[in-house]
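Those sequence lines, one after another, are chains A and B. The opening residue of the first sequence carries number 0 in numbering that gives the first Met the number 0; numbering runs sequentially from there. The opening residue of the second sequence carries number 0 in numbering that gives the first Met the number 0; numbering runs sequentially from there. Yeah, the Cβ is synthetic: ideal placement off N, Cα and C, and Gly gets one too. To keep things clear, I will list the structure first and then write my remarks on it.
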Amino acid sequence: MTAASATLSRVAPIGTLARRNGWTLSLLAFLIGLLALTKVIQPGYGPIAVQGLGTSILPLALATVAQAVVVIGGGIDLSIGSMMALTSVVSASAMKGQGNEFGVAAVVGVLGLGLVLGAINGGLVVVTRVPDIVVTLAMSFVWAGCALLVAPRPGGGAAPWLKDVVLGPIGIDWIPKAAIVLIVVVAIVWIPLARSRLGLEIYAIGSNQLAAFRSGVSVGRTKFLAYVFTGLFSALAGLSLTASTGIGSPVPGPYTLLSVAAVVLGGVSLAGGRGGVFGPMVAVVVLQMIRTDMTFLNINTNLAVVAQGVILIGVVMFGSLVQLRRTRG
Amino acid sequence: MSELASTSPERPGWLTGTAWRSLFRDRPIVPLVGLLLVLVAIIQLVQPGIVGVSWAGVIVRASIPLAILAGCQTLTMLTGGIDLSVGAVASMAGFVTATLVHSPGGVPFAVAVALTAAALAGLISGIGIGVFRVHPLIMTLGMSFVVLGLSNVWQLETIQTGAGTPDSLRTLGSGTVFGIVPNSLVVFIPLMLLILLGLRRTGFGRLLYAIGDNPVAARLSGARAWQVLIVLYVISALLAGIAGLLISGLTNTASVSLADSSLLPSVAASVIGGTSILGGRGGYGGTIVGALILTVLTALLTVLGLPEPTRQILFGSIIIAVAAAYTRVTGET
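Here it is as structure tokens:
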């Protein structure tokens, strides 16, 4: 009897876990299938390629986490790409020709800068009450302009230890350092956040702003803080750009729109209040693997962009069909 | 007299905050034209003599493609949507036309193919949004990836890439009558009338407002939202295609990313023009003025001799300031 109940109580959480994370788990299964396919079509796919994969996805993965935080809170940030460009050029300009000790100070300073950028975005959204999409769209011009002011053309440098943190393997050859960095950063910042009161409030305002307000959540303050965290993750993404390329470029990459795509693919509802950051991170790897596989298959790489678009649309269509079925049934 | 009234502490009724508010809310075009005139006056002050008839012609010519693209955003935003694929669709239309100029069918055939491709992209977006209820932001974003990728593939497939923009499009996009009146008005004025009258006088226009204002009420009153949305996104893509042809003619270039930089300004022009991104409120008149304001603003920042980064920073700040003023005055959250 006690043994049976013990087993039950042990089994039940796993079932709940599977049900709650169904989307992420199926995405993970898809990724494993994709990896198996890669190994089949390209038997030489080995540790070096995996390390390259880890380094190349790190900026987008962090940008996606940044986007996920604010989308869960019912907003959207279209200035992430520009914030990454700004933090990347600032860090690269500061660290050029400097030693490791100064590099640490520069990294801390750039993270502080990210907090400030996010605070300005969030402050404007809360104070002006203009829709998030408009404010962050306009701020994307501002931050991109600031990046060009800092450095008119790509340049600068990265402290050796910073490059060392994201390049190469750790332990065995199959584990890229970048993946560990990603997991550690997310574990340090996101997990405590999601479990804290603030995290719950972010989910609450994203899910139903009025209900959250009536339950005593300070909507403005919570939204502001969500944007601050987005700024912090954008700065981390910018730093990872500097670290992996060794320079800073003032021209924003395609990260803003790709991060929106990855967030939605990862099971975060654009309406807010639903999802986490793990699914979106898996989605980033999936998007990158599709591109890699198409290169291996000798398919025109431009079709990879088409495939990314088709998969984005297809997956979301499938998701909303399931939703429609459920509400009708 | 109005100056006297505004400085005296006891203001007459028509100058109270409420009256101003209703002016902004009901006739947003009045303060917008005021802002436009202020910007023009500043340009004239900074560089006396620059403002003239031919200068106005240049400004109008530069505004027309932006105004058409902003039309896409206005129409879709009225239903609570947005069209992020206009940049990719416009570039694609210009590029496809340029590659097909020397085909047997000539320019008409090239334009027909380009606009058909644009309409097809719009049809797919419309089906996704209307039937499958995909969020417009995601659907059109995905569509922009698809269109961009296919344009790139087409670029590699076509052997003759150096064909360039056909002369007729160049004349249409960048030519002027007597060096003043831009030829592209021939395209723009009918489109403008069509959109303005379509929104005010037709059932379709009213349905757009109804769906954006309250989708549930619209459905309960018998509006078939999915049909409206499909037609809407086809129209939006066609407008984007036409704008792409004009941009290609104006700049005398054709590339797969030609109009990408117009995407965010098109949203900005629509927002400045008083169309709510949440749906149900706005109109095309304000959007046209919004496009003019953005163009004059760019001209002003250029005249001031500001470097490009500073221009971008000011551009963004002004968009936020105008949008914030709107929100404050109309009291909409």
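| query | result |
| --- | --- |
| For a quick check, are the C-beta atoms of ALA158/A and MET82/A less than 7 angstroms apart? | no |
| Take the Cβ of GLN50/A as the centre, count every other Cβ of all protein chains shown within 10 Å, and call the residue buried at 16 or more, exposed below. | buried |
| Between the alpha carbons of VAL85/B and VAL103/A, how many angstroms are there, rounded? | 43 angstroms |
| Check whether the Cβ atoms of GLY289/B and ASP212/B lie closer than 7 angstroms to each other. | no |
| Give me the chain B residues within the contact set of ILE132/A, using Cβ-Cβ distance strictly less than 7 angstroms, ordered along the chain. | ILE276 |
| Could you name the residues of the region 116 to 128 of chain B whose beta carbon sits closer than 8 angstroms to any beta carbon of chain A, in the order they occur along the chain? | GLY127 |
| Chain B beta carbons: is any one of them nearer than 7 angstroms to that of VAL304/A? | yes |
| Can you give me the C-alpha to C-alpha distance between ILE241/B and ALA89/B, rounded to a whole angstrom? | 7 angstroms |
| Under 7 angstroms Cβ to Cβ from SER269/B, same chain only, skipping five residues before and after it: list those, please. | ALA69, GLN72, THR73, MET76, THR286, GLY289 |
| For a contact defined as C-beta to C-beta under 8 angstroms, what are the partners of PHE140/A on chain D? | The displayed structure is made up of protein chains A and B, and chain D is not among them. |
| Less than 7 angstroms between the C-beta atoms of GLY281/B and SER275/B, yes or no? | yes |
| Whole angstroms are fine: how far does the CA of SER206/A sit from the CA of SER217/A? | 14 angstroms |
| Decide if THR201/B is buried, meaning its Cβ has at least 16 other Cβ atoms within 10 Å, or exposed. | exposed |
| Kindly indicate the opening and closing residues of the alpha helix (DSSP H) around ASP172/A. | That residue, ASP172/A, is in no alpha helix (DSSP H); its beta strand (DSSP E) goes 171 to 175. |
| Let me check one thing: in DSSP terms, what residues is THR115/B bridge-paired to? | Paired residues: none, contrary to the question. |
| Ignore the nearest five residues each way along the sequence and tell me which others in SER239/A's own chain have a CB closer than 7 angstroms to its CB. | LEU57, PRO58, LEU61, VAL165 |
| CA-CA distance, ILE310/A and LEU286/A? | 9 angstroms |
| Quick one, are the C-beta atoms of ALA137/A and ILE319/B less than 7 angstroms apart? | yes |
| Considering just the uninterrupted stretch of the alpha helix (DSSP H) at GLN43/B, what are its terminal residues? | 28 to 45 |
| Is the Cβ-Cβ distance between ILE71/A and SER233/A less than 7 angstroms? | no |
| Determine, for GLN307/A, whether the minimum Cβ-Cβ distance to residues of chain B falls below 7 angstroms. | yes |
| In chain order, what are the residue ranges of uninterrupted alpha helix (DSSP H) at least 4 long that sit wholly in the region 47 to 84 of chain B? | 52 to 77 |
| Inspect the CB distances between the region 182 to 194 of chain A and the region 251 to 268 of chain A and report whether three or more fall short of 8 angstroms. | no |
| To the nearest angstrom, how far is it from the Cα of TRP22/A to the Cα of GLY215/A? | 31 angstroms |
| What's the gap between the Cα of THR1/A and the Cα of LEU26/A? | Residue confidence for THR1/A is low, a pLDDT of 43 falling below 50, so the modelled location carries little weight and cannot support an answer. |
| Could you give the distance in angstroms between the alpha-carbon of GLY122/A and the alpha-carbon of PRO189/B? | 43 angstroms |
| Going by alpha carbons, who is nearest to GLY93/B out of LEU83/B, GLY105/B, LEU114/B, ILE81/B? | LEU114/B |
| Residues in its own chain within less than 7 angstroms of VAL69/A by CB, not counting five upstream and five downstream? | ILE75, ASP76, ALA225, TYR226, THR229 |
| Run the CB neighbour count on ILE194/B, radius 10 Å, all protein chains shown included, and call it buried at 16 or more, exposed below. | buried |
| So, is VAL349/A buried or exposed, given that buried needs 16 or more other C-beta atoms within 10 angstroms? | For residue 349/A there is no data in the structure shown, the boundaries of chain A being 0 and 328. |
| Taking contact to mean 3 or more Cβ pairs, one atom from each stretch, closer than 8 angstroms, check whether the region 27 to 35 of chain A and the region 148 to 162 of chain A are in contact. | no |
| Identify, in the order they occur along the chain, each residue of the same chain with its Cβ nearer than 6 angstroms to the Cβ of MET91/B, setting aside the five sequence neighbours on each side. | VAL146, SER150 |
| Look at THR326/B and VAL129/A and say whether their C-beta atoms are less than 7 angstroms apart. | yes |
| At a Cβ threshold of 7 angstroms, is THR332/B touching chain A? | Any answer about THR332/B is weak, because its pLDDT of 45 lies below 50 and its placement is not dependable; what the coordinates show is given next. Yes, THR332/B counts as interfacial toward chain A. |
| Kindly indicate which three-state DSSP category GLY252/A falls into: helix, strand or coil? | coil |
| 7 angstroms is my cut-off, CB to CB: does THR37/A come that close to chain B? | no |
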